[in-house]
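Asks: Chains R and B are the protein sequences, given in the same order.
Be aware that the first sequence starts at 222, since it is given in the numbering used here, and climbs by one per residue.
Be aware that the second sequence starts at 10, since it is given in the numbering used here, and climbs by one per residue.
Got a structure for you, written out below as structure tokens; questions coming shortly.
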Amino acid sequence: MRSISELPVRVFSARIPSGNIASSLTRVVQEVWTTRGVIWRLFARDFTVHLRQKLLGLLWAFLGPIIGAASFVFLNYAGVLNPGNLTMPYPLFLFVGMTLWGLFTSVITVISGGLLTHSDLVLRTNIPKVTLVLSGTANVLYLQLVNLVILLILFIFYGVVPSWWILMFPLMVIPLMALALGIGLVLAVIAVMARDVTAMVTTVLNLVMFITPVLYARPVGHALLQRVIDANPLTYLIDGPRRLVFLGTMESAPAFAVASIFCFVVLALGIHAFYLVQDKVAERL
Amino acid sequence: MTDSHWTIRAEGLSKKFGLTLRQSMAYGLKDTFSRLVRGRTPSNELRPGEFWALKDVSFELQQGESLGLVGVNGSGKTTLLRILNGIFSPDQGLVTIRGRVGALIALGAGFAPLLTGRENVYVNGALLGFSKRDIDDRLEEILAFADLGSFIDAPVKHYSSGMFVRLGFAVSAMCQPDILLIDEVLAVGDLNFQKKCYDYLHRLKQRGTSIILVSHSVGAIWALCDKGLLLHEGRVAVAGSVQDVLRAYNDQNAHGALMQSKQRRSSREAARNDHSLSATYGGQKGGTGEVLVHDVAVLSLKNQAVQTESLEFGEGFALEATVEVKTAIVSPLFRFTIDAVHYKYIASIDSLEQGLRLNTVPPGKFVVRVTVPDQNLMPGSYIVNMAVCQKGVDAHLFFWLNTASFQILQPTEKFLYSEANAVVYLGGEFSFEEVGGDQLRGGMALEFKAAS
């Protein structure tokens, strides 16, 4: 037994979690780092469980995206999907866009539902809540990795040579991830109080997709719509990396930079908001 | 002084909750908003629909001490445990904790039904703060403690609840915390496993772990704890030695049962607006109408025959009833019977049995009283029934169930922990001797195998 003076001391009190954004950011880094093993273990658990008692096992991860991509290709051959003058095969264009959009929405969905999914662990263990919330992203990232593999197959299938920027692709999606995390963290605490918030957000996101060039390329014909699209930061976050992969240039690089800064500000605010409210979460679960 | 050796110090802990989900949602959103925008929490006062789940709870626990937390359901025990584990933050007050907290609340937390027991050890271990290497090092120990044999490689979903808890306990057991919080998990597994758990907990205590045990089982608290804390409606009702607290807890439970019997009595009486008697069995009161009993009272002998509801352990008492005879009755007899909470008619005091022989009783008002100078009822709550019969008639002239109730308090000079369902205390003298050679002694000597 250690002597009493060596023991770590913790205080739980009624005072409001003090601190500014900087202390929240230090805290998140510290907590996530010290509990990285937990994130890994939860991911490994869910991943293994996912494979158990399944005939196709690991194939399921690939099956969804493959069928998705195949349907694009089919529709393209059938002449239904033909958005006009694109310098790249439309199914490829679509697949990249959908992958990015899928990343964005699934991170928001997973993070915002994170506290509810792990309510049992929130109520019974003292793992930092941020860890439990973030553990869901591991699976999202894994699925994105699968998507990347399928993307490479599609490139080969179409005989398109992507630019060298494709190596930077994982870095280019970081701002998009940051935005999704920031939004998701705020929603996570609110979703505990009002359970339909996640459903509302999913619905809204479906609408937002139409003012984001995911399915189509810029510019569009309608002037007002064009202005809305231009003002939407997601436009640059999704179309930017996509153009870079296919064309090797990003015509709106400054806008991408501004949008990226915006994303990190949202993330920082999201983390801070999460830490301000998180101690009130358990009793509402 | 041992003042510097405390591991938990709680000062004025309070926690409020909303009663309905709707309010909980509204207040939750409001609080969230006010924190985000104005950076402060609302006042500590209760808003409509809120209640204090915990109010002004203070205590201190030293290294190696264990505290038993008792109270009826909803008295705030689990809330307190969750605050100590850092899951709920208090609304008032603060708690300081020195050392690593292990919680048997987290028993089997994160277990995935499809994974095997062995795999789940790693999941549960990670959630308790152990790395893969920590668990690798102690895997043998854990598996030995859980003692699940080949089932350790079967999916957890095929486990019985006992096996599930054994595995969970085994993982928690290895974490050797400075403070251990336990919420009602000791009554699991077979006798061997339960004994192993107690041995383990005592070993932890000796090494200096402070233990807080929440349980409804007086036996479990008594076995493990030095101190006790009785919570009532979120407040500390009694704090002190474990005996004192368990006595108060038992008295409180008995008092609760007493209140229930009183409530049943008054609600039934209120339901009857006429004073007619039913001439059939089945109701609470009935008879032929020849005789009526009005008031039945339990009297304390100590306090000059004052009506009472609680008696000391072993304290003599008297039962008294006012009898109104309407038409003359030949050799009536009066009978009091006593019910315990779980058993009916544990005692009968009958005037004929006790030697009171009456001839014809003319109409009029009488008082019947029986004095019981000694009684050996166990602490608890009891109900008195009253009947008037007639010698030679095997039917009641009058009966009245649950006419009065009383409570026997816990004795202070001895601690009766052994059997909550017992209703009679029989004082005895135990002896314990070794059986010499192969000559068996008759009588009450217990067999004893000397450890060689």
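Note that CB positions come from ideal geometry on N, CA and C, so glycine has one too.
Here the structure is a predicted model, which is why all the values come from computation and not from measurement.
In the DSSP output, what is R244 (chain B) paired with across the bridge?
Replies: DSSP lists B:H241 as partners of R244 (chain B).
Asks: According to DSSP, Q333 (chain B) sits in a beta bridge with which residue or residues?
Replies: Strictly speaking, residue 333 (chain B) in this sequence is Glu, with Gln absent from that position. Per DSSP, B:L301 and B:K374.
Asks: Kindly indicate the opening and closing residues of the alpha helix (DSSP H) around G461 (chain R).
Replies: G461 (chain R) -> alpha helix (DSSP H) spans P454 to L468.
Asks: Could you work out which residues of chain R lie near D100 (chain B), taking near to mean beta carbons separated by less than 7 Å?
Replies: Those are A235, listed as they occur along chain R.
Asks: Return the residues of the region 392 to 426 of chain R that lie within a Cβ-Cβ distance of less than 8 Å from chain B, sorted by chain order.
Replies: Under the 8 Å Cβ criterion, the region 392 to 426 of chain R contributes V410, I411, V413, M414 and A415.
Asks: Out of curiosity, what's the CA-to-CA distance linking G183 (chain R) and I329 (chain R)?
Replies: Because chain R spans 222 through 506 in this model, residue 183 (chain R) falls outside it and cannot be assessed.
Asks: At a Cβ threshold of 9 Å, is E504 (chain R) touching chain B?
Replies: At least one chain B Cβ lies under 9 Å of E504 (chain R).
Asks: Closest to G258 (chain R) by CA distance: which of B:T87, B:V300, B:M172 and B:G138 is it?
Replies: It is B:G138.
Asks: On the DSSP letters alone, give me the boundaries of the alpha helix (DSSP H) that W322 (chain R) sits inside.
Replies: Where W322 (chain R) is concerned, the enclosing alpha helix (DSSP H) stretches over Y311 to S333.
Asks: Quick one: list the residues of chain B neighbouring I348 (chain R), beta-carbon separation under 7 Å, in chain order.
Replies: Under the 7 Å cutoff, chain B gives L136.
Asks: Got a sec, what are the start and stop residues for the alpha helix (DSSP H) K205 (chain B) sits in?
Replies: Note, K205 (chain B): alpha helix (DSSP H), L200 to R216.
Asks: Is there contact here, the region 376 to 387 of chain R with the region 264 to 277 of chain R, by at least three beta-carbon pairs under 8 Å?
Replies: Contact fails: fewer than three Cβ-Cβ distances are below 8 Å.
Asks: When you compare only the Cα positions, how much space is there between S226 (chain R) and A182 (chain B)?
Replies: Roughly 24 Å separates the two Cα atoms.
Asks: Please list, in chain order, the chain B residues whose beta carbon lies closer than 9 Å to that of D341 (chain R).
Replies: Under the 9 Å cutoff, chain B gives A118 and G119.
Asks: Please classify T11 (chain B): does DSSP put it in a helix, a strand, or coil?
Replies: With a pLDDT of 48 at T11 (chain B), under the threshold of 50, the modelled position of this residue cannot be trusted, and the question is left open.
Asks: So what's Y354 (chain B) in DSSP terms, helix, strand or just coil?
Replies: Reduced to three states, the DSSP call for Y354 (chain B) is coil.
Asks: With DSSP run on the structure shown, which of helix, strand or coil describes Q365 (chain R)?
Replies: If DSSP states are grouped into helix, strand and coil, Q365 (chain R) belongs with the helices.
Asks: Could you tell me how far apart the beta carbons of P99 (chain B) and S384 (chain R) are, in whole angstroms, since I believe they sit closer than 8 Å?
Replies: P99 (chain B) to S384 (chain R), Cβ: 57 Å. No contact.
Asks: Counting contacts by CB-CB distance shorter than 9 Å, is M10 (chain B) in contact with chain R?
Replies: In this prediction, M10 (chain B) scores a pLDDT of 43, lower than 50, which makes its location untrustworthy; the coordinate-derived value is nonetheless stated afterwards. Cβ-Cβ to chain R under 9 Å: no for M10 (chain B).
Asks: Excluding sequence positions up to five away, which residues of its chain have a Cβ less than 7 Å from the Cβ of G217 (chain B)?
Replies: Cβ neighbours of G217 (chain B) beyond the five flanking positions: Q72 and G73.
Asks: Do you know how far the Cα of L267 (chain B) is from the Cα of L418 (chain B)?
Replies: Those two C-alpha atoms are separated by around 12 Å.
Asks: Going along chain R in order, which residues have a C-beta closer than 7 Å to the C-beta of V132 (chain B)?
Replies: The answer, in chain order, is R262 and R266.
Asks: Got a sec: is the Cβ-Cβ distance from A489 (chain R) to anything in chain B below 9 Å?
Replies: Not an interface residue.
Asks: Could you say which of B:L103, B:A135, B:D145 and B:F408 lies nearest to T346 (chain B) if we only look at CA atoms?
Replies: The candidate whose alpha carbon is nearest that of T346 (chain B) is B:F408.
Asks: Within the 9 Å Cβ cut-off, does T16 (chain B) reach chain R?
Replies: At least one chain R Cβ lies under 9 Å of T16 (chain B).
Asks: What is the residue span of the alpha helix (DSSP H) that L344 (chain R) lies within?
Replies: Residues S340 to R345.
Asks: For A420 (chain R), which three-state DSSP category applies?
Replies: Residue state, collapsed to three classes: helix.
Asks: Given this structure, state the Cα-to-Cα distance separating A438 (chain R) from T88 (chain B), to the nearest angstrom.
Replies: Roughly 56 Å between the two C-alpha positions.
Asks: Quick check on this structure: which residue in B:V379, B:N259, B:S170 and B:P388 has the alpha carbon closest to the alpha carbon of T331 (chain B)?
Replies: If we check each option's Cα against that of T331 (chain B), B:V379 comes out closest.
Asks: Could you name the residues of the same chain whose beta carbon sits closer than 8 Å to that of G463 (chain R), not counting the 5 residues immediately before and after it, in chain order?
Replies: Looking at the sequence itself, residue 463 (chain R) is Arg, so the reference to Gly does not match. Only F314, V317, G318 and L321 meet the Cβ criterion.
Asks: Evaluate the contact criterion for the region 486 to 505 of chain R versus the region 391 to 410 of chain R: three or more CB pairs, one atom per stretch, below 8 Å.
Replies: Result yes; three or more Cβ-Cβ pairs closer than 8 Å.
Asks: Do we get a CB-CB distance below 9 Å when we pair M395 (chain B) with the residues of chain R?
Replies: Judged by the 9 Å Cβ criterion, M395 (chain B) is not in contact with chain R.
Asks: In terms of residues, what are the limits of the alpha helix (DSSP H) holding A243 (chain R)?
Replies: It spans I242 to T255 - the alpha helix (DSSP H) in which A243 (chain R) sits, taken as one unbroken run.
Asks: Can you check which of these residues, B:V247, B:Q252, B:D156 and B:A246, is closest to A232 (chain B) by C-alpha distance?
Replies: Taking only the C-alpha atoms, the option nearest A232 (chain B) is B:Q252.
Asks: Give every residue of the same chain whose Cβ lies closer than 7 Å to the Cβ of G335 (chain R), excluding the five residues on either side of it in the sequence, and list them in chain order.
Replies: If we look at G335 (chain R) and ignore the five residues flanking it on each side, its Cβ neighbours are L353, V354, G357 and A409.
Asks: Using the Cα positions of I509 (chain B) and V370 (chain R), report the straight-line distance between them to the nearest angstrom.
Replies: Past the boundaries of the shown model lies residue 509 (chain B); chain B is included only from 10 to 461, so the question cannot be answered.
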